[in-house]
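Read through the structure below, which is laid out as structure tokens, and then see the notes.
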Amino acid sequence: MSVAHAAPAVPENLTWQGGSEPLKASYGKLMMWFFLLSDTFTFSALLITYGMIRFSQPAWEGSPADFYFSTTHWPIPEKVFEAVPFLHGMSLPLVFVGIMTFILIASSVTMVLAVEAGHRGDRKDVEKWMLWTIVGGFTFLGSQAWEWGHFIHGPEDLTLAAKQVIDGVSTPIEGANLVRNPYGPPAFADLFFFITGFHGTHVFSGVILNILIFFNAATGVYERRGHYEMVEKVGLYWHFVDLVWVFVFTFFYLV
């Protein structure tokens, strides 16, 4: 007759308890971190691809003052992104994209203030700072839309544009698309549209989430729950979007 052996007892402090929070983070925040980690890999792949294509192309070797657009060499960003709205004809290299960057970083600051207000349970301050964050997001998206429009339109001075040969006649390329662009090799426009567009989609998604958070805060949803954790979770996403833009700005506009 066999004798049943009892399983050794496991100390309670070594077993996983169903409601415990690993690393003192709730399930929702932990899942947000996992999502942001996966998104980090995606953006890293895009920026690494940009770097590999960028440095596989010939670079301009002359003086910046003598630079001209051509499909034979990679364009200098300062020569491409030098326009500013309402300042027609003025050359202000990277000024507008610098303003865009400042706006997005400022919106990250207002998001921090919204999260801090949530920790204090201050509903009015959460509403105020979330509203400012939404305004900053929409302003950035509007600025990016203007920049896309200017990029697609092409340089105002077509004598500086890259040339194409049709029936033996060399003419400037007037607009940018996924096939050709007046600034340089076709890959330059492809990468610009894809990388900045992919980031812009994230910003747009973040603005929609911020609007939902603002609405819930204004209608007292989080006050009835007794906490404002959702503000913090969406804040993590918004800070990630801002941080990614710093890398996009560095790779695309400065390198």
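Okay, so the sequence shown: first residue is 81 according to the working numbering, each after it adds one. C-beta: ideal position from N, C-alpha, C; glycine also.
Would you grab the beta carbon distance between residue i and residue j for me? Rounded to a whole angstrom, and I think it's under 8 Å.
i, j, result
"Tyr302", "Met310", "6 Å"
"Gly286", "Gly222", "The pair is not a contact, with the Cβ atoms about 15 Å apart (cut-off 8 Å)."
"Val328", "Ile275", "6 Å"
"Ile253", "Pro266", "Contact flag wrong, Cβ pair sits at about 10 Å."
"Asp322", "Leu184", "5 Å"
"Pro138", "Thr122", "Between Thr122 and Pro138 the Cβ distance is about 29 Å, and since that is not below 8 Å, they are no contact."
"Met191", "Thr213", "5 Å"
Where do the N-terminal and C-terminal ends of the alpha helix (DSSP H) with residue i fall, by residue?
i, result
"Trp113", "Tyr107 to Ser136"
"Val215", "Arg203 to His233"
"Pro157", "Pro157 to Val160"
"Ile236", "Sequence inspection shows Glu at residue 236; the Ile mentioned does not correspond to that position. Careful: Glu236 lies outside any alpha helix (DSSP H) and carries neither H nor E."
"Asp146", "Counting along the chain, Asp146 falls outside any alpha helix (DSSP H), and DSSP gives it neither H nor E."
"Tyr70", "No statement about residue 70 is possible, as the shown extent of the chain runs from 81 to 335 and does not include it."
Apart from the five residues on each side of it in sequence, which residues of its chain come closer than 6 Å, Cβ to Cβ, to residue i?
i, result
"Val337", "One cannot answer for residue 337 here, as it falls past the ends of the chain, which runs 81 to 335."
"Gly108", "Lys313"
"Gly198", "Val206, Tyr308 and Val311"
"His319", "Ser188"
Using DSSP with H/G/I as helix, E/B as strand and the rest coil, what is residue i?
i, result
"Thr190", "helix"
"Thr281", "helix"
"Thr95", "Residue placement at Thr95 cannot be trusted, given a pLDDT of 46 that sits under 50; what the coordinates show is reported in the next sentence. In this structure, Thr95 counts as coil in the three-state DSSP scheme."
"Thr251", "strand"
"Ala256", "coil"
"Ala298", "helix"
"Ala139", "strand"
"Ser82", "Residue placement at Ser82 is poorly supported in this model, since its pLDDT is 49, which falls under 50; the coordinates still yield a value, given next. DSSP places Ser82 in coil when its eight states are reduced to three."
Return the chain-ordered list of same chain residues with a C-beta closer than 8 Å to the C-beta of residue i, the five sequence neighbours on each side being excluded.
i, result
"Asp270", "Leu258"
Ordered along the chain, which non-local residues of its own chain (more than five positions away) have a Cβ less than 7 Å from that of residue i?
i, result
"Phe331", "Leu127, Tyr130 and Gly131"
"His230", "Ala163"
"Val90", "With a pLDDT of 44 at Val90, under the threshold of 50, the predicted position of this residue should be treated as unreliable, and no value is reported."
"Ala125", "none"
"His233", "Gly255"
"Ala186", "Gly216"
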